[in-house]
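Just so we're aligned, residue 1 is where the sequence shown starts under UniProt numbering, counting upward by one.
Note sheet for the following structure.
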Amino acid sequence: MSVHFHPNATFEQLTVGLGSTKSDASRAAWLALVSRLHTAGTLAKIVPETAAVDIETVIPRPAQYPGAPTNLFDAPQIHEEMRRVFKAKSLNVRVNGEYTTLPAGFQFTLSLDIPGIADATTTGTGARKVQARSAAWVAMLNRLHKHGALQQLFPPPQPSSHAPPEDGSDTQIYIRDEAETDIELVEVVDKQVMKQEKDAKLDIYNYAAKYGLVPHFSTKSVRHASGRTRKPRAKRSMVVQAAIKLPELGIQVVIRGRDLRTAETAAALAFKRQAEEKQISTDDQAKAALPGYELLNTETAGQFMEYFRSLNPGMSIEVETEHIAGVNHTRILFDGQVLSEPGIMPSKKDSEHVAHLLAAIAISNASPNVLSQWAEKRNGVDASRRSLRPFDVHMETKVLDIMRDTLIRARNAGLPDQRESLGAEEISRDISRSQRRFVTAPSRDMASAALQERLDRFRQDPRLETLRTTKAGLPMSAFTDQVIELVNQNVYSIVIGATGSGKTTQVPQILLEHAIEGGRGGYCDVICTQPRRIAASSVAQRVAAERDEAIGQSVGYHVRGDTRLPQPGGSITYCTTGMLLEQLKYNANDIMDNVSHLVIDEVHERDIFVDFLLTILKKAVAARLQAGKKVPHIVLMSATLDEKLFSEYLPNVRDGKLVPCPSLSVPGRTFPVAEKYLEQIVKDISASHSKEFDSLLLEDKGASKEYLDGELKFARDAALETPVIDWKRKNKGETDSDAQSAAAQKHEALVPVHLLTAVLAHICEQSSAGAILAFLPGLQEIIKAQDFLMQRPIFGVDFRDSTKFTVLPLHSTVPPDQQKLIFEPDLQETCLSIKAQGFHDPISDFLADAIEPPASGAVQVAVESLKGIEALTEDEQLTSLGRVLSRLPVHPTLGNMVLLGIIFRCLDPIIIGSCLGSDRSLFVDPPAARAEARRRHERYRQQNSDHLAFINAFTSLRTLMRERGPQSAWSYAQENYLHMGAFRTMEQTTQQVVEALKAAGLLPHLVEGSNYQLGGQSLNVNSANTALVKSLVLAGTYPNLAIRRGNSRSPLHKTIAEDKVMMHPSSTNFGKRDSIPEHDQLYAFNSLSRSLTGDTLYMRDTTSVTPLMAILFGGRLTTKTYHTLTMDKWLPFSIKALNTEFAVRLMLEFRKAKDRMLFCAYRDLSGLDRRSRGLLEDPARQIFADGVVDVLKRANDAEKMRDGAEKNNPGDLFRKYESRSRGEKRSGGGQLMASRGGRFEGRSDDVRNEVLN
């Protein structure tokens, strides 16, 4: 056999071997080749020296350690035998091993930490990994033997002394117990705490990660003396000592426990306490999380590693886990190299998560730019990542013709080619808008005399003795002098009146009557706010009756839609908080000049209106005091409030210094109430009916069980110190000011009906007679509780026994599952009101001065939304559009929709539609007659739109009310399951919108047409165009747009932020479960709400819209290929036309021109009430608005033709709206002219030449 060998071009060898067999010949040839290579010196170059297998001789012998297993002294078996020994002795041993690749073998580095016995490191080498590891373990066994540590593991019959190390090694060996210190020994930790802190180690890793740090954990077994003695013969026992160190933040804890879990849990709790103390300390400089690091935790580190991998496509990233002594050691290797410590956890999953986190921290510390880029990418709203199949948009040539003709005609009539931004408008804070009537000084003097005479007559009339006695019997009357002194000697004061004290009715009267007695009654005008309209009007009626007066004399009220003001000069006016805000918005100086006292009642109801009111009052009072002007006395009243919070927020000035405002507490006149808390009731029920109680809690899909668990956990947490740091929060980018997590929202939405029924049964079981009033959030829960009580006995209590029990449902028709909205609209109104009031401070700064400011992130979102609709400029100044929107009693986006209704002459249905989603639904859906109610409501349904159905029902009632009177309307409402009270409220709102539009110069004095249409006939020319109405609804609700794919069984919809949204069952668009839409569907909706269990997201008040409507009235459009349009980077549209590129270019230009047209209209809002020309009298604007209407109608007709002829709907109430033919257009001068027909077959360059230039 011959062997031809050539390792490179310069060396080549050929050898031959002979043998009796092929094997012998081959062996001879290879032997000759090796000999020749060795002689030539080539063998040393291509084959490096092989590392010797450096395995020491095992020094200890079995006879020296009779308690040790014999196999312990066999080199290949040392590793496994030591592992068995550690497990048998329940030692928490830490073993770390790491291989290093050598040129001709491997090196194994072994680290061994036996708590209280040894902490050493040895190495071993070998041609194979198993040899290297065996060598390291032999060296470790010899080291333990040499230093006496092995004897502590296997003590001999007689104690022996051990010499100190002779090799001068710096390896730390524990051959005797440590000196006793004052380390705390924790005997036991509560089981519930142990359960709660099962992930404490992960919590600490995540906490340290926020600062780019890594904590150090260690445990060892030590002997602990009983008591404080340190005597050598003191009784000592073996315990576990756990230490956690984070020296960079100055945190170090050492705790001992009877067992490993106790010690580790107690150490974690001690660590958390120290961290919280650091967090609240004023001198701590490291408590702020580093930018980007706050996103790193054990859940997100894997995502960071994937991002890092994407930046380094050629890098190898491996995860290596080794199970050592019952613990998982996981390392992350980058191209075979280890960058960080291993993740050491009992669970393999946790050890991998920790290893990823430690690696991510190491990378971030070494390359901060990588972390910042990942954080920016992760925090950014990247809607484009959500790949969606484009919607097909079929554009007929006729529709494109109309677009092109409209562009040309509007441009010839003066439509500008460039769009600018709305500028700031000068705001006057003295706009005369208040309905209050103020009088001169002489008139006040006359009023003072009349009031004095009336008060004397009241006090002397014998018929009113009972009335006077009743007033005098209220506790507040006994504190008359203290109230007068407190209020009149301070700008700010607080009256805390317990329930039944009479604070709401008596304090305003005390102030007025004191002024009357002093001959100054005509100069005392008191405004007292109430949180709700019904409270304001009913209290005013009560106070007027107490004064033996008719409402409107010295006592009145002012609420939305209902005003009965008192006579000016010596009066008490009860109003809602929002109404006082409105008055301050338009007539702050008049209020401050003419009102003597402002009483803010029920101030503990901390809604945005109260906070905003206090902020405005504080700023206004400070400004007027600095200017030397008078200010009213401001009184805060409540039965329960945080006195310290309010008194420090509204201080008085004394001798040039700010001092907290004083307060007065008045006891109430109440019945004795015994309080019993949930945990005690649960304990009592469980003691007697444990099994049945547990079964009840699980029956309502676990809602009661989940609710009870959450409440009991809250009670346990409340018993402990409230943590400064939210240790359980998953750091996914949220800050402490962000909105509540989904889990918290879910718990808020839970209604534990079965828990309630169990409590009711328990009370009845313990009582012989009485009445119980239980509160539930909605009609559905009330009916559910009633039904369940009637199903079967609970704890032996049978509520079906009518001789003992009467169960009465008490409810209004508020929709049952109105939950907390995901989107809170009031903040936008608040921000707009701040600027309308004339304050020049940035909105965030203004709200930051509130007693408890809203989340800065929420404020920023609201401000950006207002900038998006150009209600505010980029520097947060009010525009002309913002000024008008601030006056409308609807949300700013809906107010913008109302203005579009004027521009497109479609006002009446849009004003009505803006009221949809109010407090009460117009449609009544009683459980006992649900099928009949829904059958009746069918007559109002039209074109898959809740908004159109609502408008149809509203206009039907309005017509009956106008033509036949309230009684006929009431009967019609009862017959068709409509809520008459809701109708009245909504009608009042529509009238307020009309009044605001009239005040802005947008409406003539005639506000109703022949069909009772708001705005008259001229502003409702297009009100019968349902496609236009839908488009304007979309404009007012955007970005609330949802999509559902055709030919899909899934009922889920996607929005710009959510992927799993359901249609609410109350919607006209809620279909059967097995219904499958043939085409893709788009829906505009008013709001999102969560289900009772919190796991389903519903969209409410929906309207089906077309892609063209979205293109014209939706978000920002972009294109890359001139074949598709993409809205706001998430919703793509594929344009289908004879010439696609031309169609896309034309549609983009048409949309831009529409935006320019609206800009000009909004710009003209400034000073509109002072100009002779109205908003609609611009020829170009009129031409383009008519063109948009024509486009929508033509496209809608074409879609009907594609989908098949639609049957005439006899319930189409929109047919009654008068409209002109869409075949007619108006010329620039307002005359009707024939529409230009014909096909337009131009190429894309045609539109550039004719339209774009």
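Backbone N, C-alpha and C define an ideal beta-carbon position, used for all residues, glycine too.
Residue i to residue j span [Cα, whole Å]
| i | j | result |
| --- | --- | --- |
| alanine 29 | threonine 15 | 6 Å |
| phenylalanine 391 | threonine 1102 | 19 Å |
| alanine 449 | alanine 769 | 56 Å |
| leucine 112 | glutamine 303 | 33 Å |
| leucine 339 | valine 370 | 16 Å |
| arginine 331 | valine 319 | 6 Å |
| serine 1018 | aspartate 1186 | 13 Å |
| alanine 413 | leucine 581 | 44 Å |
| aspartate 525 | valine 621 | 17 Å |
| phenylalanine 954 | serine 856 | 39 Å |
| aspartate 845 | glycine 257 | 51 Å |
| arginine 389 | alanine 362 | 40 Å |
| alanine 1110 | aspartate 1080 | 14 Å |
| proline 842 | arginine 1116 | 27 Å |
| alanine 1161 | methionine 305 | 52 Å |
| asparagine 71 | asparagine 328 | 25 Å |
| glutamine 337 | isoleucine 344 | 18 Å |
| serine 351 | tyrosine 205 | 12 Å |
| leucine 1192 | serine 921 | 30 Å |
Contact set for residue i: own chain, Cβ-Cβ below 6 Å, skip 5 residues either direction
| i | result |
| --- | --- |
| arginine 133 | Phe108 |
| aspartate 875 | none |
| asparagine 944 | Asn1069 and Ser1104 |
| isoleucine 616 | Leu584 |
Beta-bridge partners of residue i, as assigned by DSSP
| i | result |
| --- | --- |
| leucine 636 | Ile494 and Ile600 |
| leucine 110 | Gly97 and Thr122 |
| asparagine 652 | Val659 |
| cysteine 915 | Answer by DSSP bridge pairing: none, since cysteine 915 is not bridged. |
| glutamine 241 | Lys220 and Arg256 |
| methionine 1127 | Leu1117 and Leu1131 |
| lysine 1136 | His394 |
| phenylalanine 923 | Leu978 |
Residue i in three-state terms, based on DSSP
| i | result |
| --- | --- |
| glutamate 1058 | coil |
| phenylalanine 391 | strand |
| phenylalanine 271 | helix |
| valine 859 | helix |
| leucine 1165 | coil |
| cysteine 1160 | helix |
| cysteine 831 | helix |
| phenylalanine 609 | helix |
| glutamate 734 | Unreliable placement is indicated for glutamate 734, whose pLDDT of 38 sits below 50; the coordinate value is still reported in the next sentence. Three-state result, glutamate 734: coil. |
| glutamine 626 | helix |
| arginine 1100 | strand |
| alanine 1084 | strand |
| glutamate 328 | It should be noted that the sequence gives asparagine, not glutamate, for residue 328. DSSP places asparagine 328 in strand when its eight states are reduced to three. |
| lysine 784 | helix |
| serine 20 | coil |
| valine 797 | strand |
Cutoff 7 Å; reference residue i; Cβ partners in own chain excluding five residues on either side
| i | result |
| --- | --- |
| arginine 542 | Thr505 |
| isoleucine 59 | Asn142 and His145 |
| arginine 887 | Ala996, Ala999 and Ala1000 |
Contact with chain D by residue i, beta-carbon distance below 7 Å
| i | result |
| --- | --- |
| proline 1077 | Protein chains in the displayed structure number just one, and chain D is not present. |
Neighbourhood of residue i by C-beta distance below 8 Å, restricted to the same chain and skipping five residues each side
| i | result |
| --- | --- |
| leucine 311 | Val370 |
- Message: Threshold first: 3 residues or longer. Then list the beta strand (DSSP E) segments lying entirely within the stretch 563-600, N to C.
- Response: 571-576 and 597-600
- Complete alpha helix (DSSP H) runs within the stretch 1004-1041 (minimum length 4 residues, chain order): 1026-1037
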